[in-house]
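Visitor: In our numbering, the protein residues as written are 212 to 650.
Built from N, CA and C at the ideal position, the CB exists for glycine as well.
Since the structure is predicted, the reported quantities are computational estimates derived from the model, not experimental observations.
Handing you this structure, nothing more for now.
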Amino acid sequence: MRIGIVKERHPGERRVAASSDTVKRYVGMGLEVRIETGAGVAAAVTDAAYEAAGASIVKTAKEALADADVVLKVRKPSTDEIPLLKKGAVVVALMEPYRDRALLEALAARGVTAFSLEMVPRITRAQSMDVLSSQSNLAGYRAVLDAAAEFGRAFPMMMTAAGTVPPARCLVMGAGVAGLQAIATARRLGAVVSATDVRPAAKEQVESLGGTFVAVEDEEFKQAETAGGYAKEMSDAYKKKQAELIAETIKKQDIVITTALIPGRPAPVLVSEDMVKTMKPGSVIVDLAVEQGGNCPLSKPGEVVEAYGVKIVGHTNVPSRIAVDASALYAKNLLNFLTPLVDAESKSLKIDESDEIIKASMIAKDGKVVSEAVLKLPLEEAPKAAAPKAAAPKAAAAPKPKAAAKPKAAAKPKAAPKPKKADSGETTGSGADGSGSES
Numbered sequence: 212m213r214i215g216i217v218k219e220r221h222p223g224e225r226r227v228a229a230s231s232d233t234v235k236r237y238v239g240m241g242l243e244v245r246i247e248t249g250a251g252v253a254a255a256v257t258d259a260a261y262e263a264a265g266a267s268i269v270k271t272a273k274e275a276l277a278d279a280d281v282v283l284k285v286r287k288p289s290t291d292e293i294p295l296l297k298k299g300a301v302v303v304a305l306m307e308p309y310r311d312r313a314l315l316e317a318l319a320a321r322g323v324t325a326f327s328l329e330m331v332p333r334i335t336r337a338q339s340m341d342v343l344s345s346q347s348n349l350a351g352y353r354a355v356l357d358a359a360a361e362f363g364r365a366f367p368m369m370m371t372a373a374g375t376v377p378p379a380r381c382l383v384m385g386a387g388v389a390g391l392q393a394i395a396t397a398r399r400l401g402a403v404v405s406a407t408d409v410r411p412a413a414k415e416q417v418e419s420l421g422g423t424f425v426a427v428e429d430e431e432f433k434q435a436e437t438a439g440g441y442a443k444e445m446s447d448a449y450k451k452k453q454a455e456l457i458a459e460t461i462k463k464q465d466i467v468i469t470t471a472l473i474p475g476r477p478a479p480v481l482v483s484e485d486m487v488k489t490m491k492p493g494s495v496i497v498d499l500a501v502e503q504g505g506n507c508p509l510s511k512p513g514e515v516v517e518a519y520g521v522k523i524v525g526h527t528n529v530p531s532r533i534a535v536d537a538s539a540l541y542a543k544n545l546l547n548f549l550t551p552l553v554d555a556e557s558k559s560l561k562i563d564e565s566d567e568i569i570k571a572s573m574i575a576k577d578g579k580v581v582s583e584a585v586l587k588l589p590l591e592e593a594p595k596a597a598a599p600k601a602a603a604p605k606a607a608a609a610p611k612p613k614a615a616a617k618p619k620a621a622a623k624p625k626a627a628p629k630p631k632k633a634d635s636g637e638t639t640g641s642g643a644d645g646s647g648s649e650s
């Protein structure tokens with residue numbers, strides 16, 4: 212059985228799907244591994260290291276994927292890579308199942324069996340396969356370093372002959388995997404840390420790391436967690452009370468790190484523009500949810516912006532900013548996912564579709580999308596096809612007045628979404644970490 216690994220081509224992606232250690236394990240299982248040259252360079256894994264572990268280095272992605280029975284990737288295959296996949300191959304990657312259903316349909320149509328590692332259930336048996344945790348953990352750590360890099364003061368309290376430097380005050384919003392690591396890292400740097408989350412279980416976790424828990428602890432708060440460990444959306448009444456408490460807390464903070472994500476939905480807005488206005492000049496906000504809409508409406512993907520004297524950090528794909536460790540952990544997650552599927556005697560895949568992990572993570576098989584989560588998404592092929600039609604009228608002289616009239620009509624709807632953002636802005640500070648990102 213052959214495994215194919217290619218260099219990631221998604222903009223800014225520095226991770227790779229295999230380490231020299233996992234390649235050695237695959238080879239030890241009797242599997243052949245082909246890797247595209249340069250695939251691991253950005254993660255400090257050289258071609259020589261892969262070859263020493265037993266892999267074959269090939270010049271192109273086409274060679275790596277040709278006749279590959281299993282394809283391991285960080286990001287889902289692109290439109291250029293899908294035609295290179297062998298029919299019947301198994302593809303394992305971060306498929307971003309809640310985005311771009313059209314691409315996932317194209318992947319299914321290729322006849323591959325696709326697994327999305329984000330969909331692996333959070334059960335004890337699957338902990339070693341949990342990419343959301345491994346990547347979010349590093350994202351939380353990096354978020355604090357990014358905040359420190361932008362912050363114009365020191366984190367710890369310092370007593371010198373010239374005077375005393377007070378410690379930085381840091382608020383972490385969302386105490387999931389990323390949030391808890393952010394709390395621990397900020398504490399190690401000497402900051403006074405507080406955190407908020409709507410899940411009751413988070414209180415003990417925050418306090419165990421030396422943080423102060425901030426939340427409206429009423430009856431609704433006690434019921435605010437799903438069986439899967441994610442946060443539920445709270446009532447409007449609770450959101451209002453929580454927003455008032457957070458607004459008062461944020462005024463006193465130097466650093467705010469937001470990590471709140473709800474799977475399959477836009478990120479809740481936790482830090483409104485009005486809250487930013489109340490923050491001290493020189494304060495820093497790090498928005499780890501910027502790729503899913505952001506926990507702060509002023510954050511911009513891939514940028515560090517300044518508003519009202521506050522720096523707002525919107526780095527995307529934060530785990531990739533620590534590519535060496537992120538790749539090593541992700542590669543181990545992949546190894547742990549794939550190993551139970553390989554039959555030791557035949558050296559081939561034996562997929563038990565009744566297995567809880569397989570059922571949850573399989574998104575495509577036999578030419579069809581089989582994941583209920585993906586099937587609920589709208590197909591986006593029509594809007595994409597409509598784009599060229601919109602461009603054509605611009606070339607004609609007559610349609611120009613119509614094009615000018617349309618923006619005027621569209622101005623009214625633009626005012627309407629603002630209240631929606633305000634509503635979501637009071638949405639709970641969940642700690643459900645995504646990838647993305649995720650992380």
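1. Have a look at ASP554 and ALA575 and give me their C-alpha separation to the nearest angstrom.
2. What is the rounded straight-line gap between the Cα of GLU224 and the Cα of THR371?
3. Since GLY265 and VAL234 are thought to touch, with beta carbons under 8 Å apart, how far apart are those beta carbons, to the nearest angstrom?
4. Mind checking which residues open and close the alpha helix (DSSP H) that includes VAL234?
5. Who does ILE216 pair with in a DSSP beta bridge?
6. So what's ALA609 in DSSP terms, helix, strand or just coil?
7. Would you call the CB atoms of LEU315 and VAL585 closer than 7 Å?
8. Would you mind listing the alpha helix (DSSP H) stretches within the segment 524-583 that are 4+ residues and don't spill past its ends, in chain order?
9. Taking all protein chains shown into account, do 16 or more other C-beta atoms lie within 10 angstroms of the C-beta of ILE334, making it buried, or fewer, making it exposed?
10. Would you check whether the ligand COA has a heavy atom nearer than 6 Å to the C-beta of GLY401?
11. For VAL417, which of MET384, ALA406 and ARG410 has the nearest alpha-carbon?
12. Cα separation between ALA661 and LEU590?
13. Under DSSP, the alpha helix (DSSP H) around ARG321 begins and ends at which residues?
14. With a Cβ-Cβ cutoff of 7 Å, do ASP351 and ALA471 count as a contact?
15. When you compare only the Cα positions, how much space is there between ALA596 and ALA313?
16. For a test of the three-state rule: what should DSSP assign to ALA458, helix, strand or coil?
17. Around the Cβ of MET368, are there at least 16 other Cβ atoms within 10 angstroms (buried) or fewer (exposed)?
18. So ASP341 packs on ASN544, CB below 8 Å; how close in whole Å?
19. Going by beta-carbon coordinates alone, are VAL303 and LEU318 separated by less than 7 Å?
20. Quick one: any contact between the segment 533-543 and the segment 497-507, if contact means 3 or more CB pairs under 8 Å?
21. Is DSSP giving ARG380 helix, strand or coil here?
22. What are the boundary residues of the beta strand (DSSP E) that GLU517 is part of?
23. Quick one: Cα of VAL565 to Cα of PHE362, how far?
24. Is it the case that the Cβ atoms of ALA250 and VAL227 are separated by a distance below 7 Å?
25. Given ILE293, which residues of its chain have a CB within under 7 Å of its CB, disregarding the five upstream and five downstream residues?
26. Answer yes or no: does any C-beta atom of chain B fall closer than 7 Å to that of LYS414?
27. With DSSP as the reference, identify every bridge partner of MET306, one or two as the case may be.
28. For ASP498, I'd like the list of residues in its chain whose CB is within less than 6 Å of its CB, leaving aside the five on either flank, ordered along the chain.
29. If I follow the unbroken beta strand (DSSP E) through THR469, where does it start and stop?
30. Exposed or buried, what is GLU307 when buried is set at 16 or more other beta-carbons lying within 10 Å of its beta-carbon?
31. Hey, how far is the Cα of GLU514 from the Cα of VAL521?
32. Since ASP498 sits in a beta bridge, which residues does DSSP pair it with?
33. Which same chain residues end up closer than 6 Å to GLY421 when comparing Cβ atoms and leaving out the 5 residues on each side of it in sequence?
34. So, under 8 Å CB-CB, ALA537 and GLN392 are touching, yes? Tell me the CB distance rounded to an integer number of Å.
35. GLY295 and PHE548 look like a contact to me (Cβ under 8 Å); what is the Cβ gap, rounded to whole Å?
Guide: Walking through what the data contain:
1. 22 Å
2. 43 Å
3. 6 Å
4. 231-239
5. ILE246 and LEU283
6. Only weak support is given to the placement of ALA609: the predicted model assigns it a pLDDT of 43, under 50, and the value that follows is read from those uncertain coordinates. In this structure, ALA609 counts as coil in the three-state DSSP scheme.
7. yes
8. 534-549 and 567-572
9. exposed
10. As presented, the structure is devoid of all ligands, the ligand COA included, so that no description of it is given.
11. ALA406
12. Any answer about residue 661 is impossible in this case: the structure gives the chain only from 212 up to 650.
13. Neither: ARG321 is in no alpha helix (DSSP H) and is coded neither H nor E.
14. Here the sequence assigns Gly to residue 351, which means Asp is not the residue at that position. Not closer than 7 Å, so no.
15. Bear in mind that a pLDDT of 34 at ALA596, under 50, signals an unreliable position, so the number given afterwards is only what the model happens to contain. Whole-angstrom Cα-Cα distance: 12 Å.
16. helix
17. exposed
18. 7 Å
19. no
20. no
21. strand
22. 515-518
23. With the sequence shown as reference, residue 565 is identified as Ser, and Val is not the correct amino acid for it. Approximately 51 Å, taken between the alpha carbons.
24. yes
25. ALA317, LEU318 and ARG321
26. Any reference to chain B falls outside this structure, which holds one protein chain only.
27. Per DSSP, none; premise fails for MET306.
28. THR469, GLY505, ASN506, CYS507, SER510 and GLY525
29. 466-469
30. buried
31. 14 Å
32. THR469
33. ARG398
34. Wrong, their Cβ atoms sit about 13 Å apart, outside the cutoff.
35. It should be pointed out that residue 295 corresponds to Leu in this sequence rather than to Gly. Not confirmed; about 22 Å, so no contact.
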